[in-house]
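There are 2 protein chains.
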Amino acid sequence: MLIGAADVLGTQAVIRAVNPATNQTLAPDFPGGTAADVARASELADEAFHVYRQTSPEDRATFLERIAANIEALGDTLINRASEESGLPLARLQGERGRTAGQLRLFARELRAGRWADVRINGALPERQPLPRADLRLEYIPVGPVVVFGASNFPLAFSVAGGDTASALAAGCPVIVKAHSAHPGTSELVGRAVRAAVQECGLPEGVFSLLFGSGSEVGQTLVKHPAIKAVGFTGSRNGGVALMKTAAARPEPIPVYAEMSSINPVFLLPGALTQRAQALGAGFVQSLTMGAGQFCTNPGLIIALRSPELDTFLESARQAVEQAASATMLTPGIHGAYESGVAQLTAHPAIQTLARGQRNPSASNQCQAALFKTGAADFLKDPHALGVEVFGASSLVIECDDEAQVFALIQHLEGQLTATLWLDADKDADLARRLISRLALKVGRILANGFPTGVEVCDAMVHGGPFPATSDPRSTSVGTAAMLRFLRPVSYQDIPDALLPPALQRANPWKLPRLED
Amino acid sequence: MLIGAADVLGTQAVIRAVNPATNQTLAPDFPGGTAADVARASELADEAFHVYRQTSPEDRATFLERIAANIEALGDTLINRASEESGLPLARLQGERGRTAGQLRLFARELRAGRWADVRINGALPERQPLPRADLRLEYIPVGPVVVFGASNFPLAFSVAGGDTASALAAGCPVIVKAHSAHPGTSELVGRAVRAAVQECGLPEGVFSLLFGSGSEVGQTLVKHPAIKAVGFTGSRNGGVALMKTAAARPEPIPVYAEMSSINPVFLLPGALTQRAQALGAGFVQSLTMGAGQFCTNPGLIIALRSPELDTFLESARQAVEQAASATMLTPGIHGAYESGVAQLTAHPAIQTLARGQRNPSASNQCQAALFKTGAADFLKDPHALGVEVFGASSLVIECDDEAQVFALIQHLEGQLTATLWLDADKDADLARRLISRLALKVGRILANGFPTGVEVCDAMVHGGPFPATSDPRSTSVGTAAMLRFLRPVSYQDIPDALLPPALQRANPWKLPRLED
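Printed below as a string of structure tokens:
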């Protein structure tokens, strides 16, 4: 573990990474931390916060850029270890590394642009009647130390130096990462890159720590520590809900940003099906099986009106699934859960199995894609069992008799990260408009004529949505708006200029954009 | 009750307003609502939401302005009833009416300015390598129907058409108000003014409802209803925490914005005391006793270094308290709680009673101001008992031996709405700078050389702070930023222009400010 500047060998139950393609254990052992390790990391973070939160946007931008460079400097060592621990192909991990570094640099740009501070100034009006107005100045400041839980499915971009860490550090919050136990070696490599940046930038050591723990104890203890002021999490619904409960039960409740569960409905509209049912079927299966379907935004539900064109789509998708090569899943546990979820759908009397992908008996933990079908009336009889997320390449097609059934399905859907519409802009306009209007209340992102599995890191992205997609629909965990999760407003009234924080001083030394009266 | 367009007479336990100055009951009776009434109001709000959320900023601004005009048109009828129900003087209520109408008009201006929508556009980059970028457009949309709990101490500005209602309606959320049982007649008058505005503006009836209920059942049932998506509350810590628990335990947890408990520390710095100890003592008591001390921002704690100048301040404050006239408190219950809180402090062995205000045996429920003193070491032995909020004109002075004790006190303070520094900009600069840096982590607003009891409604105000001051330190309940509590981001990807919401269309029909690449 990396607790501030110190290398600390844990003393608790050991984590061993496993190569999921071979089920072979990877050296070394990573023993877990104790409550004392949690307390030490939290106290260091609390100390560091008083210094780190007052660094300039430029200093923090330089720090993020240094982290990016240090991660890139790890070269193939990082990519190879991440591939061994996750079963993900090298090319995918190279792309993910680019995304991780690009994300850090995007937050550096955002820090310099300064919109995040949302500075608002209402100058004094001493002559106002019946009462004068004081000088009031508002800035957003960081909430305090943040705990980040790394995700299994993006060992770089949503893990130790992923989006949660980058946005919290950008906001001015020290970060303690609880490493995901599926990729401890990758976590250590990236953790050392972050720590080196802390030291190279002359920041207090408590700005970053990395802890290991085999069960939920280290994580739960972290979330309970009074120094911790917010939590970022990407993972299962059970895991996220457990953290939400712990955070709400603290003497001082704190916000949890958990990105958890989504089945990402895809609506095939009649005009689009008429035009290109066959191509759509093939494109859909490509999105479904990419990365063994291990994406939060994997299209797990297809909703369409019954028609001959839908049959063409289904036949095209069926063939594509049957030809789809198997792929190694991230961990034996994830593979087991996938098999169990697929088995439940297969056994359900109201569900027809349309296709399974290729088997590969020579490798372990293989995802053999699955495509299912049911009718809307059957789905609505048991929406909780049939609408559950099966993490991996599994999708359920729901055939509807009429538009009323489509809207009834939406009504019964839980909150989602995304909804997708395949549409013809002219012929489907009326139905699409009504769908978009309803779907906006259920999801964080609506897209047309594409697949939801790509999540662009930019200003206008929302990777969020109503519960259980996330714990807080007012937030996004991807894109520059992710920083806003870790900021809170403070107002300064009639404070002498020399005593104001730099963002609010009359001379505006940080050159932030400001709303003045 | 007003449930959409219908007048509904409740069937449950009756609420009767009481004139606190005389303890006389005021007609008429207000029988409470049932679970069916809650369900009806919630369903109407849900239906109305689909229409109301798509109204233009201009339409919502006009609606808010109409509410303001309708409230003003109630004239003396409103002021007289509010005074009878609250014991507050007419002049204070006239000022509060101005604040309420001004607040509605401020949100109308903010709607037209359009910053709240935070529109962000990243245009398509079809030629980008290695992957093209889709067209991405983000806007903030309303979260859904909101329940507002009126506060006792501002029967106009924080009640039926107060800051929570105004900001939620501005955001595009229908509002159901649970009326405060202390001023049901005032609530009905204002509720009818809001409902008339709904009708005059041709909005769906479910945009606004007003319910009565004598206990916590109507409120709890409202917060549990699946159509409700957020809660605004101003009141006691126990009441707010109960709502937080209910909201967190829902199948779909929802945000609660509760403004609860704050003792608003005031720091008297040596330079300021040297200059004007006597005037400060008098000014402080004026702030302490204003409105019988029934403000969230009432200065309940004075912290200073032991010195002869502090003695001068204390003597001045002592005299001012002893001369302070008594004032009628809002309700017999609030008066009882005040008496009990003051009695506990009086009986505490570590506390010295410096002064009590004038008695007035001829009126009921009189607040007789109280000023107490203790030492920092004693306070730190029992910070929870001594740091508790006594709602009303009660304040505790803590004498410190040195600066270390001052910072130890800050460390032990819970989250606060405000902290105040009386300082000399030159002589106290060093200590003030260190205090401001620490206090920013504990409070929502820091002010110098004033008293915290005035809360300006403007862009740069924060009426919020870490728990237990509020349930969510990322928010403010006063000022234009209060709207942000009821909005969430949604991203649109590659949606044809004609199908986009107006805020995101290429022609920008609502003329909103937009961040474009």
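If you read the sequences in order, they're chains D and X.
Okay, so the first sequence: first residue is 94 according to this note's numbering, each after it adds one.
Okay, so the second sequence: first residue is 94 according to this note's numbering, each after it adds one.
Each residue gets a CB set at the ideal place from its N, CA and C atoms; glycine is no exception.
Please read all numbers here as calculations on a predicted model, not as lab measurements.
Boundaries of the beta strand (DSSP E) around Ser487 of chain X: Ser487 to Cys493. Under a criterion of Cβ atoms nearer than 7 Å, the residues of chain X adjacent to Arg213 of chain D are, in order, Asp552 and Ala553. Between Pro121 of chain D and the set D:Ile108, D:Ser488 and D:Ala161, the nearest pair of CA atoms involves D:Ile108.
Secondary structure at Glu402 of chain X: helix, using DSSP grouped into helix, strand and coil. The beta strand (DSSP E) runs of length 3 or more contained entirely in the stretch 151 to 232 of chain D are, from start to end of the chain, 212 to 215.
Counted as a single uninterrupted DSSP element, the stretch harbouring Leu506 of chain D is not any beta strand (DSSP E), since DSSP gives it neither H nor E.
DSSP lists X:Ala420 as the bridge partner or partners of Cys460 of chain X.
The alpha-carbon of Glu415 of chain D is positioned some 23 Å away from that of Pro425 of chain D.
Within the stretch 318 to 405 of chain D, the complete beta strand (DSSP E) segments of 3 residues or longer fall at 323 to 327, 349 to 352, 358 to 361 and 394 to 398, listed in chain order.
Under the three-state reduction of DSSP output, Pro582 of chain X falls in the strand class. Per DSSP, reduced to three states, the secondary structure at Lys520 of chain X is coil, with no helix or strand assignment. Using a Cβ distance threshold of 7 Å, Val359 of chain D and Pro392 of chain D count as a contacting pair.
Under DSSP, Trp603 of chain D takes part in no beta bridge, so it has no partner.
Residues of chain X with a Cβ closer than 9 Å to the Cβ of Ile529 of chain D are, in chain order, Tyr585, Ile588, Leu592, Leu593 and Pro594. Sequence-ordered contacts of the stretch 231 to 248 of chain D with chain X read Leu231, Ile234, Val236 and Gly237 [C-beta pairs closer than 8 Å]. The three-state reading of DSSP puts Ala110 of chain X in strand, counting E and B together. Taking 8 Å as the upper bound for CB-CB distance, Leu362 of chain X and Leu514 of chain X are in contact here, some 6 Å apart.
Within the same chain, Val555, His556, Gly557 and Ala575 come within 6 Å of Thr569 of chain X by CB-CB distance, once the 5 residues on both sides are set aside.
Of the residues assessed, Gln117 of chain D falls on the exposed side of the cut-off, its CB having fewer than 16 other CB atoms within 10 angstroms.
Close to chain D, meaning a Cβ-Cβ distance shorter than 9 Å, are the following residues of the stretch 542 to 571 of chain X: Asn542, Gly543, Pro545, Gly547, Glu549, Cys551, Asp552, Ala553, Met554, Val555, His556, Gly557, Gly558, Pro559, Phe560, Pro561, Ser564, Asp565, Pro566, Arg567, Ser568 and Thr569. Annotation for Val270 of chain X: the continuous beta strand (DSSP E) segment containing it runs Val268 to Lys271. Exposure of Ala600 of chain D is indicated by the presence of fewer than 16 other C-beta atoms within 10 angstroms of its C-beta. Counting only runs of at least 3 residues, the stretch 265 to 308 of chain X fully encloses the following beta strand (DSSP E) elements, listed from N- to C-terminal order: 268 to 271 and 301 to 304.
Residue pairing by DSSP places Val241 of chain X opposite X:Val270 and X:Gly325 in a beta bridge.
Taking 7 Å as the CB threshold, Glu352 of chain D stays off the interface with chain X. The contact set of Met337 of chain X on chain D, defined by CB atoms closer than 9 Å, consists of Ala341 and Pro346 in chain order.
Excluding its 5 nearest sequence neighbours in each direction, Ala370 of chain D has C-beta neighbours in its own chain below 6 Å: Glu402, Thr405 and Phe406, listed in chain order.
Contact note: Pro392 of chain D does not reach chain X at a C-beta cutoff of 9 Å; the least C-beta distance is about 14 Å. Here DSSP, grouped into helix, strand and coil, assigns Ile529 of chain X to helix.
Between Leu157 of chain D and the set D:Ala259, D:Arg526, D:Ala410 and D:Ile269, the nearest pair of CA atoms involves D:Ala259. Counting along the chain, the unbroken beta strand (DSSP E) around Gly537 of chain D starts and ends at Val536 to Ala541.
Distances from the alpha-carbon of Ala320 of chain X to those of X:Gly195, X:Ala132 and X:Ala351 put X:Ala132 closest.
Taking C-beta separations shorter than 7 Å and ignoring five residues to either side along the sequence, the partners of Ser419 of chain D in its chain run Gly450, Gln451, Arg452, Asn453, Gln459, Cys460 and Gln461, following chain order. Excluding residues up to 5 positions away in sequence, Asp152, Thr155, Phe156 and Arg159 lie with their Cβ nearer than 8 Å to the Cβ of Cys294 of chain D in the same chain.
CA-to-CA, the gap between Phe123 of chain D and Ala250 of chain D works out to about 22 Å. Beyond the five residues adjoining it in sequence on each side, Asp565 of chain D comes within less than 7 Å, by CB distance, of Pro348 and Tyr350 in the same chain, given in chain order.
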